[in-house]
Amino acid sequence: MAKQPLYFAIHGHFYQPPRENPWTGEIENQPSAAPFHDWNDRIAAQCYSPNAASRILSGGGRIKDIVNNYEYMSFNMGPTLMGWIRTHLPDTYRRIQEADAKTVQRLGHGNAIAQVYNHIIMPLASPEDRITQIRWGIKDFETHFGRKPEAMWLAETAINMDTVVDLIREGIKFTILSPTQALKFRPLDGTNDAWKGCENTDIDTTRPYRIFPVDAEGNKICDGYLDVFFYNPWLSSAVGFEHLLRDANVFGKRIQDAFDPNRDEPQLVSIGTDGESYGHHEPFGDMCAAWLFNHYAPQHNMIPVNFGWFLEKFPPQYEVQLKNAHSEGCAWSCAHGVGRWYRDCGCSTGGGADWNQKWRTPLRDAMNFLKKFADDVFLREFEKIGKVNAWDARNLYVDVLVKPEEKERKENFLNEILRDPSDEKARATAIRLMEIEKFCLFTFTSCGWFFNDIEGLEPVQNMRYAERAMELLRPFLPINHPIRDQFMSILGRATSNEHRWSGTEVFVRYAMPDMPVALKLLAERAVVLHMGLDKYENPEKLDSRITAKVVASRKFETIVHVTFDDKDIGEKTEATILTLSDSMGRITSVVFSDTDPASVSFVPNQNVSFKQLQVQFPTAYVLRMRHLMSDSLRHINILLTKSRLESVTKSFNGFALSQGLSIDSLADQDHTLTDTMRKALSLEINAKIHEMALQYLKGHDAELLEDVHELVDEATDLRTQFSFGGTGRMFHKKLTELIAKASSEYDENVISHITGLISMAGWLHLYIDKTTLENQVFPIYQKYIENPEDPHNRTLLPMFDWLNFERRSKER
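Numbers given in this note's numbering equal positions in the sequence shown, counted from 1, plus 575.
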């Protein structure tokens, strides 16, 4: 029998870099993340949300239980990711918060730890930037979890003595590192002053260590200390590269093998990996973890704990020193200090035989140049309006960033930092300066240097932040100041691997907008008004910075005057936009920036070509609706669906009759009819089924349901192809509403509507994301398990079956 319990801690570093368009604050569609909207969306569906509600399946593959893995694993959620989850996935956000609160109650220490704000490499940052990263990370954590963090995850676990001192002074108790970062250790009790080297990863990772803040000569720098846990490197590597997350029994046995039952002192078997391993890198890895925590561990006397609990119970008995502590430091993903983030050190993610990472140095140099330039402007301009130290003011700006929709936060911030908070110009200057600093910090997000080419999404995103920062700097500079030219001349020293482009060319092609983003937003507004879609919008969700007025309109042409006025940063743009539709329904906008509406007139022929418009208006921006930003097009299409779907489906009624055709002609499998006629007839059936389905969404109608079934059967006999893209989302929304009603009170009509929608979804082969519905239904399912004979619960059995829940054994 083991002398001590087997304690284990699995830490997930959950993180995504800031991906938002720096001009709009929204993440744009990313084609490489298809079929999802963007990479946050994709990884959330595969990892972040599943870990908050992970499935435990029966032997038959049906759901028996849903558990929250965040209740059992140590984790950090990067601030830029957690903010996105808060606004886009409120249910997942709530579950993450609840998990931390439950572990505080159970262990006295929460599973969540903080992270430096936007994942910059701390040893390469200035002292001021390091403090801002830590304080922003702490404040963000407190906002989400309602308590102070005990620990902080460092980007790429990059650390040196300067970082250690900063963490201590900011009240951080411990961090988690790779054992490859340890240099030597010795006992704290003074029994043996000799250091034992461990540069070959031969350090005991089952116990915590203590780092004292001393200089290279051993002199004390400050009071206090930082404790550190080193994760088990072989187990952690196996999670990522040996597919341990494919079998909970194998995973659990490997954890047991890392524990020595004959040792007298307590041991913590710890694992540290990217959190994305649990579902994104390893599909269904969350389910493996769920089984480990809830079945394998209890059956084998394994106790999941967190680092804070273990540290309180079993404080460090050893001191440790880190590699390169008094120089550039060390990290978990670079064998050359922190070279991966500023030079061609040899670390990369692969690529062609002739690829190299020499581009890293010019990219870092360009960002350093911009940061130094922006900092000088920031200090000079803030001194004119501020009543506090400029760096202190920047540190306080996180109060605005954590919940930007709460306007009182901005007011409180301005009142705290400005000599005259009522001065509109000073207010705009302050926010503009803070945004410049924020974007400059974002340019150093570590992912920009991690991968194998400067053309990648991540370095380009960092460049986009640089471009926005330079744009915001303009009012503080002389006219035609060459800051962008200076920046690009440094960046131009880089050469990309894929196309052998210079860094300047990469910047111009991918980071610089093809036209001012504000004007594209104004063009979207003009198109919405031109198409008469504004009446279907929710006024509360419109961008308050944009105002628009129709100046003149006639059939197929509209002239709109639009203004973009961001008073927060003192940025204003006006445009008069001529929008026209040609005979094929193609929509083109001609954008005249800062032009008197009276000087813009209609064109004689709305069928004029795109190129002719460019020739006719050489100083204007000419763009088709499809050239708008992807999310603008998405917004317009949502409005079109909302306003036109029913009328479009009804417009096909009677097509065969009016053209002297017959649906029965489709039974001829020799394809005597031309494809055009066959497709037109198939479309009429498709549209009729769609129309009836939309009608059934409004309320249960048994006769209508049967009519749909009969028409679907007929269409199937005629071998027509169904196409109901987008309808699944409508069914999902309606089912969500009906399930909420069914969970609060019994209503036979509601139950019938649910089962009817489920049946129809099957007939129409609709894709419906069942995950959120399963989460919603699970509390109802638990009531059924507790009382399977209750008539109310039994009426929901078709829904349980459809959602893949396990029935009671006697009912299978």
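All C-beta atoms, glycine included, are put in the ideal place defined by N, C-alpha and C.
All of these numbers come straight from a predicted model, not from anything done at the bench.
Could you say which of Lys959, Val963, Gly1031 lies nearest to Lys1000 if we only look at CA atoms?
Lys959
By how many angstroms is the C-alpha of Ile688 removed from the C-alpha of Ile631?
27 Å
My assumption, with CB atoms under 8 Å, is that Ser1341 sits in contact with Phe1299. Please give the rounded CB distance.
The question names Ser, but residue 1341 is Leu in the sequence shown. In this structure Leu1341 is in contact with Phe1299, their Cβ atoms being roughly 6 Å apart against a cut-off of 8 Å.
Given a threshold of 16 other Cβ atoms within 10 Å of its Cβ, counted over all protein chains shown, does Ile878 qualify as buried or as exposed?
exposed
Distance CB(Ile1029)-CB(Trp934) smaller than 8 Å
yes
Would you mind stating whether Gly1303 and Ile1343 have Cβ atoms separated by less than 8 Å?
yes
Same chain, Cβ closer than 8 Å to Trp1338, five either side skipped, listed in chain order
Val1283, His1284, Val1287
Cα separation between Thr1247 and Met1159?
30 Å
Backbone CA spacing between Thr1138 and Gln1189 [nearest angstrom]:
Cα-Cα distance, rounded: 23 Å.
Comparing C-alpha positions only, which one of Glu673, Tyr668, Asp675, Trp728 sits nearest to Met697?
It is Trp728 whose Cα lies nearest to the Cα of Met697.
Cα-Cα, which of Ala730, Met1252, Lys1225, Asp1239 is closest to Gln1270?
Lys1225
What are the start and end residues of the beta strand (DSSP E) that includes Ile1134?
1132–1141
Among all the DSSP beta bridges, which residues are the ones paired with Leu945?
Leu945 is not bridged to any residue.
For Met1063 and Asn693, I'd like the C-alpha separation in whole angstroms.
24 Å
For Gln1189, the first and last residue of its enclosing alpha helix (DSSP H)
1185–1191
From the DSSP secondary-structure annotation, give me the bridge partner or partners of Trp728.
Gln690
Nonlocal neighbours in the same chain, by C-beta distance under 6 Å from Arg1383, ignoring five residues either side:
Around Arg1383, the same chain offers Pro1363 as residues with beta carbons nearer than 6 Å, after the five sequence neighbours per side are excluded.
Residues near Ala791 in its chain [Cβ-Cβ closer than 7 Å; skip 5 each side]
His901.
In its own chain, which residues sit with a C-beta less than 6 Å from the C-beta of Lys714, not counting the 5 before and 5 after it?
Val973
If you count every other CB in all the chains shown that lies within 10 Å of the CB of Phe650, and 16 or more means buried, which is it?
Looking at its Cβ environment, which holds 16 or more other Cβ atoms inside 10 Å, Phe650 is buried.
Close beta carbons around Phe720, own chain, < 7 Å, minus the five adjacent residues each side
Gln672, Asp675, Gly685, Ala687
Pull up the DSSP beta-bridge partners for His905, would you.
Reading off the sequence, residue 905 comes out as Cys, not His. BP columns for Cys905 point to Ile734.
Going by DSSP in three states, Phe804 sits in which element: helix, strand or coil?
strand
Cβ neighbours of Phe611 in the same chain (closer than 8 Å, five flanking residues each side left out):
Arg617, Ala620
Rounded to whole angstroms, what is the Cα-Cα separation between Val1083 and Ile1054?
21 Å
Out of Glu894, Asn869, Leu581, Glu1080, point me to the one whose CA is closest to Ala767's CA.
Residue identity differs from the one stated: residue 767 is Asn in this sequence, not Ala. It is Glu894.
Please report the residue range of the alpha helix (DSSP H) in which Asn767 lies.
Unbroken run through Asn767: none, as it is neither H nor E.
Look at the alpha carbon of Ile1326 and the alpha carbon of Gly600, and state the distance between them as a whole number of angstroms.
41 Å
Leaving aside the five residues before and after Ala1317 along the sequence, list all residues of the same chain whose C-beta is less than 6 Å from its C-beta, in chain order.
Val1325
What are the boundary residues of the alpha helix (DSSP H) that includes Tyr1359?
1346–1361
Going by the beta-carbon positions, is the gap between Trp907 and Thr738 smaller than 8 Å?
no
For Gly1160, verify whether its CB is less than 7 Å away from any heavy atom of the ligand GTP.
This structure simply doesn't include the ligand GTP, nor any ligand for that matter.
If you run the structure through DSSP and keep just helix, strand and coil, what is Thr781?
coil
DSSP on Ile695, reduced to helix/strand/coil?
strand
CA-CA distance, Asp1109 and Phe716?
39 Å
Measure the alpha-carbon distance for Asp1322 versus Leu1348 and round it to whole angstroms.
19 Å
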